[in-house]
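Input: a single structure, listed below in structure tokens.
Protein chains: 2
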Amino acid sequence: MTSPSGTFSSGTFDNPFYNRALLTDLYQLTMLQGYYQQGMEEQAVFEFFVRKRPPARRFFLAAGLEQVLDYLEGLHFTGPELEWLAASGRFRDDFLHYLAGLRFQGDVHAMAEGTVFFPDEPILRVTAPLPQAQLVESRIINILHYQTLIASKAARVVLAAPDRLLVDFGMRRAHGGEAPLFAARASYLAGFAGTATTVAAPLFQIPVFGTMAHSFVQSHDEETLAFEHFAQAQPGNVVLLIDTYDTERGARRVVQLAPRLARQGIHVKAVRLDSGDLAEHARRVRAILDEGGLSEVRIFASGNLDEYRIRELLERGAPIDGFGVGTVLDTSADVPYLDCAYKLQEYAGKPRRKRSEGKATWPGRKQVYRHYDRRGQLAGDLLTLEDAAPPPDGTPLLQAVMKGGRRLQASPDLEEIRRHAAGELQRLPEVLRQLEPEAEIDRRFPAVEIAPPLRELAARLDREILDPGL
Amino acid sequence: MTSPSGTFSSGTFDNPFYNRALLTDLYQLTMLQGYYQQGMEEQAVFEFFVRKRPPARRFFLAAGLEQVLDYLEGLHFTGPELEWLAASGRFRDDFLHYLAGLRFQGDVHAMAEGTVFFPDEPILRVTAPLPQAQLVESRIINILHYQTLIASKAARVVLAAPDRLLVDFGMRRAHGGEAPLFAARASYLAGFAGTATTVAAPLFQIPVFGTMAHSFVQSHDEETLAFEHFAQAQPGNVVLLIDTYDTERGARRVVQLAPRLARQGIHVKAVRLDSGDLAEHARRVRAILDEGGLSEVRIFASGNLDEYRIRELLERGAPIDGFGVGTVLDTSADVPYLDCAYKLQEYAGKPRRKRSEGKATWPGRKQVYRHYDRRGQLAGDLLTLEDAAPPPDGTPLLQAVMKGGRRLQASPDLEEIRRHAAGELQRLPEVLRQLEPEAEIDRRFPAVEIAPPLRELAARLDREILDPGL
Numbered sequence: 032m033t034s035p036s037g038t039f040s041s042g043t044f045d046n047p048f049y050n051r052a053l054l055t056d057l058y059q060l061t062m063l064q065g066y067y068q069q070g071m072e073e074q075a076v077f078e079f080f081v082r083k084r085p086p087a088r089r090f091f092l093a094a095g096l097e098q099v100l101d102y103l104e105g106l107h108f109t110g111p112e113l114e115w116l117a118a119s120g121r122f123r124d125d126f127l128h129y130l131a132g133l134r135f136q137g138d139v140h141a142m143a144e145g146t147v148f149f150p151d152e153p154i155l156r157v158t159a160p161l162p163q164a165q166l167v168e169s170r171i172i173n174i175l176h177y178q179t180l181i182a183s184k185a186a187r188v189v190l191a192a193p194d195r196l197l198v199d200f201g202m203r204r205a206h207g208g209e210a211p212l213f214a215a216r217a218s219y220l221a222g223f224a225g226t227a228t229t230v231a232a233p234l235f236q237i238p239v240f241g242t243m244a245h246s247f248v249q250s251h252d253e254e255t256l257a258f259e260h261f262a263q264a265q266p267g268n269v270v271l272l273i274d275t276y277d278t279e280r281g282a283r284r285v286v287q288l289a290p291r292l293a294r295q296g297i298h299v300k301a302v303r304l305d306s307g308d309l310a311e312h313a314r315r316v317r318a319i320l321d322e323g324g325l326s327e328v329r330i331f332a333s334g335n336l337d338e339y340r341i342r343e344l345l346e347r348g349a350p351i352d353g354f355g356v357g358t359v360l361d362t363s364a365d366v367p368y369l370d371c372a373y374k375l376q377e378y379a380g381k382p383r384r385k386r387s388e389g390k391a392t393w394p395g396r397k398q399v400y401r402h403y404d405r406r407g408q409l410a411g412d413l414l415t416l417e418d419a420a421p422p423p424d425g426t427p428l429l430q431a432v433m434k435g436g437r438r439l440q441a442s443p444d445l446e447e448i449r450r451h452a453a454g455e456l457q458r459l460p461e462v463l464r465q466l467e468p469e470a471e472i473d474r475r476f477p478a479v480e481i482a483p484p485l486r487e488l489a490a491r492l493d494r495e496i497l498d499p500g501l
Numbered sequence: 032m033t034s035p036s037g038t039f040s041s042g043t044f045d046n047p048f049y050n051r052a053l054l055t056d057l058y059q060l061t062m063l064q065g066y067y068q069q070g071m072e073e074q075a076v077f078e079f080f081v082r083k084r085p086p087a088r089r090f091f092l093a094a095g096l097e098q099v100l101d102y103l104e105g106l107h108f109t110g111p112e113l114e115w116l117a118a119s120g121r122f123r124d125d126f127l128h129y130l131a132g133l134r135f136q137g138d139v140h141a142m143a144e145g146t147v148f149f150p151d152e153p154i155l156r157v158t159a160p161l162p163q164a165q166l167v168e169s170r171i172i173n174i175l176h177y178q179t180l181i182a183s184k185a186a187r188v189v190l191a192a193p194d195r196l197l198v199d200f201g202m203r204r205a206h207g208g209e210a211p212l213f214a215a216r217a218s219y220l221a222g223f224a225g226t227a228t229t230v231a232a233p234l235f236q237i238p239v240f241g242t243m244a245h246s247f248v249q250s251h252d253e254e255t256l257a258f259e260h261f262a263q264a265q266p267g268n269v270v271l272l273i274d275t276y277d278t279e280r281g282a283r284r285v286v287q288l289a290p291r292l293a294r295q296g297i298h299v300k301a302v303r304l305d306s307g308d309l310a311e312h313a314r315r316v317r318a319i320l321d322e323g324g325l326s327e328v329r330i331f332a333s334g335n336l337d338e339y340r341i342r343e344l345l346e347r348g349a350p351i352d353g354f355g356v357g358t359v360l361d362t363s364a365d366v367p368y369l370d371c372a373y374k375l376q377e378y379a380g381k382p383r384r385k386r387s388e389g390k391a392t393w394p395g396r397k398q399v400y401r402h403y404d405r406r407g408q409l410a411g412d413l414l415t416l417e418d419a420a421p422p423p424d425g426t427p428l429l430q431a432v433m434k435g436g437r438r439l440q441a442s443p444d445l446e447e448i449r450r451h452a453a454g455e456l457q458r459l460p461e462v463l464r465q466l467e468p469e470a471e472i473d474r475r476f477p478a479v480e481i482a483p484p485l486r487e488l489a490a491r492l493d494r495e496i497l498d499p500g501l
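For the record, the sequence lines run as chains A and B. The numbering used here puts the first residue of the first sequence at 32, with every later residue one more than the last. The numbering used here puts the first residue of the second sequence at 32, with every later residue one more than the last.
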């Protein structure tokens, strides 16, 4: 049963992602029937971007591209899906025949995962025949929105505790079964050390962490016996949860037990605190452990933690070596969604602009150029048209990643993405590293400057749309 | 391709739910190895409950039981999962052999889905050998928490607009791919009319709704042409989105187009508004439609709606016939998670109690009895031990649903659950129907009364745990 290499290929695992063609809003299909009947199959350009920056997100971290590309490469309607569509009575047989042969054959440009970005900046552009580019809207947003939401939240936790061990504990209160997989991946690429969600390890090669729950202690008649049994079952990874009844008493029991375990060749690696005033408990537990000769035993804390509480604990000097961050990470609880969109920017060679009140978009195919200052810090971005003259010293952030429905190169592995994200966080200027919800006054930086060619195009389209008819 | 019956059995559809045994926190597996080594396989009792009521949730609506039972019935470790566990080096071969044979063979008691409940009240109890009851913790919470979260949010929207058509629009910003399926189900059982998420229709037999997006209008050179093409493609379901450029002009274009469509035998069913001041637009659009002879055309509204905005629109007399509720529903944005738990209450015949600060639980196997007043309104609940004497006129809410790992009866269908939920909402007293975040002073009702036998058991366990040792 043991694999000789000690490694595991996720290829033998079921793909857990629910990339079914019918995982889409019904209106995509009703629109597709319209496009089909009118023969509207010319090239369309859609871009995904975030409209607004919530006060508690000074920047976003792009994530989810890999799963979007998987989805696009595999997209097709299965027999049962086509049968259901037929039975629904909404669609014509010739259209369903067309759907049966539909595959994604378009191009994708995107920012690398782990890249810092700001409102109005596209992080993904799809160029494809209109029906293909339209159909994929719902699931593309579903994937990119959530992974970006979690990577952006996780990055704040990393900024709050850059030198501590951070572990995603959020599976149980994540929304459904796919969210914790995406959250494990997005938080890891943002700088977390790993996750407690087991299946994320074989799927993404993410380090997985696990200790014990209160029920393990409660199911034993004595806490010390629970500790000993757990240590014997996991001799290489003894992390003991000490707050089930009384945290300091739990710590003293660990000290009392340690010599007996040592005689069995077992060393306690850490204790975990999960309730009460964590800074105060950590100080007392540290003292008990140190006096008991267990200065090498680490202290790990969990329990409704977020970036603010972690920063406060560290500012109070709490001797805590690592943190489990659960629900508030996997739900991005303070900002549970981003105002994002996947919008048509061009069809049949003509730029398009939505003008709905409060929801107007920048038209055309765009590129984002990033500028850095002399110290290498992010200085600001220029949002312009792809075919406009590039600024002299800007770095273009959108690159071709898929052509004709196939990836242009093997995807970067998650470690590479994680290193890229770490570099991005290092290049953040001080104003973007702050955790405080941002006052309007701070919003001058970074300017995402809208280049003149883009402004001119938007103005021209507005004049054309404001026709005098009706 | 057309099914003669016009119906569709979800049995031929892939099960989309990610019920893999490794979708669990790693600590479940490390604890299981401890239980295995110590031979701790006696009966354990775990209960799932919500700890606290957030101010903006005066009650909860139970949901997710059906998917929990599916998960428990199918639970097993696959070959690749066992191979990965072996390769991880954390587990012994004899334990992995034991895991390979592990199935869930326990009993489940639960409240019916769609039942109103309150903090501290278990909505699910698992009674099984300790390892089985422990392993399933993470996924049981993951399923019950999210569906209950969404059903409870959706119920508030239903209370705000009991006589309007309500449709779940939330797929794109739901968290991952499983959440929108669960959200479609949970909002439907709470009283929504249906969802826009296509695959929820064949999976759950939920009505599915779909119209058009701005991109359909934008991809045409003229808005009127877009309307006409859409109507021809969906002649039985013509709902036109009229806010892409200017809402009232869009309405006038519908009026102008209607006679031409009528000559083709096509009638416009509704228009959709998606931006701006919806009440004001709806009034103007209603007038334009009525003056144009289209008084039968309905007005449907969407765009960042929640129960407060919908109530305000209706209080302002907005002539809106239906609402699409998206992101705030599928993320339960104001309360993106509930403080819930699945806790060990008894092991090997002995009641157990967790005493961690701020997280103490009521021990033992419990039952909830509900009381109604003379008008049939919910009057209050009694939380007591299962084997305590029942109150004279209480209705027990927890019923046996699974025995020895098998369902005791076929599951109620979703329509039946939905009718039950509607009855529950009708029996809510006025104080629980309010949408306003609840002040502390309101919290007296409904009393979830803790029965004396339960208080006595908790006190006795506290005395036993507070032993003088260490």
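No residue lacks a Cβ here, since even glycine has one placed at the ideal position from N, Cα and C. No experiment lies behind these values; they were computed from the predicted model shown.
- At a C-beta separation below 7 Å, B:Glu-388 has these neighbours in chain A: Ser-306, Gly-307.
- Of the other Cβ atoms in all chains shown, 16 or more fall within 10 Å of the Cβ of B:Ser-387; this residue is therefore buried.
- Taking a beta-carbon distance threshold of 8 Å, A:Asp-274 counts as an interface residue toward chain B.
- About 7 Å separates the CB atoms of B:Gln-74 and B:Ala-159; that is less than 8 Å, so the two are in contact.
- DSSP, read as helix, strand or coil, puts B:Met-142 in coil.
- Between the alpha carbons of A:Ala-214 and B:Leu-53 lies a gap of roughly 16 Å.
- Within the same chain, Ala-93, Ala-94, Leu-96, Ile-448 come within 6 Å of B:Glu-144 by CB-CB distance, once the 5 residues on both sides are set aside.
- Using beta-carbon distances, B:Val-230 counts as an interface residue toward chain A, with a partner under 8 Å.
- Those residues of the segment 146-178 of chain A placed with their C-beta closer than 7 Å to a C-beta in chain B are Leu-161, Gln-165, Ser-169, Ile-172, Asn-173, His-176, Tyr-177, ordered along the chain.
- Using a C-beta cut-off of 8 Å, the segment 262-276 of chain B makes no contact with the segment 479-493 of chain B, since fewer than three inter-stretch Cβ pairs fall below that distance.
- Not a single CB atom of chain B sits nearer than 8 Å to the CB of A:Val-316.
- Residue contact check for A:Phe-247 against chain B: a CB pair falls below 8 Å.
- Runs of the beta strand (DSSP E) spanning 3 or more residues and lying entirely within the segment 420-471 of chain A occur at 430-434, in chain order.
- The Cβ atoms of B:Arg-458 and B:Leu-414 lie no closer than 8 Å to each other.
- In the structure shown, the three-state DSSP call for B:His-402 is strand.
- Fewer than three pairs of CB atoms, one per stretch, sit closer than 8 Å, so the segment 346-361 of chain B makes no contact with the segment 243-257 of chain A.
- Counting along the chain, no alpha helix (DSSP H) covers B:Lys-300; the unbroken beta strand (DSSP E) around it starts and ends at 299-304.
- The alpha-carbon of B:Gly-355 is positioned some 10 Å away from that of B:Ala-224.
- Using a 10 angstroms sphere on the CB of B:Arg-291, the tally of other CB atoms stays under 16, which defines it as exposed.
- Cβ proximity to chain A below 9 Å picks out Glu-209, Ala-210, Pro-211, Leu-212, Phe-213, Ala-214 from the segment 209-222 of chain B.
- Approximately 6 Å separates the beta-carbon atoms of A:Ala-227 and A:Phe-240; this is inside 8 Å, confirming the contact.
- Here DSSP, grouped into helix, strand and coil, assigns B:Thr-226 to strand.
- DSSP places A:Ile-330 inside the beta strand (DSSP E), whose first and last residues are 329-332.
- With respect to A:Leu-429, A:Arg-156 sits close: the two C-beta atoms are nearer than 8 Å.
- B:Gly-267 and A:Gly-120 have their alpha carbons spaced roughly 10 Å apart.
- At the C-beta level, A:Pro-162 and A:Tyr-66 come within 8 Å of one another.
- Secondary structure at B:Glu-259: helix, using DSSP grouped into helix, strand and coil.
- Within the DSSP bridge table, the entry for A:Ala-192 names no partner.
- Taking CB atoms only, A:Pro-422 has no neighbour in chain B less than 8 Å away.
- Between the alpha carbons of A:Arg-51 and A:Asn-173 lies a gap of roughly 13 Å.
- At least one C-beta of chain B is nearer than 8 Å to the C-beta of A:Leu-375.
- With fewer than 16 other Cβ atoms from the protein chains shown falling within 10 Å of its own Cβ, A:Val-462 counts as exposed.
- When only Cα atoms are considered, A:Gly-436 and B:Val-399 end up about 56 Å apart.
- DSSP places B:Val-316 in the helix class (H, G or I) of the three-state scheme.
- DSSP lists no beta-bridge partner residue for B:Leu-369.
- In the three-state reduction of the DSSP assignment, A:Asp-412 falls in the strand class, which pools E and B.
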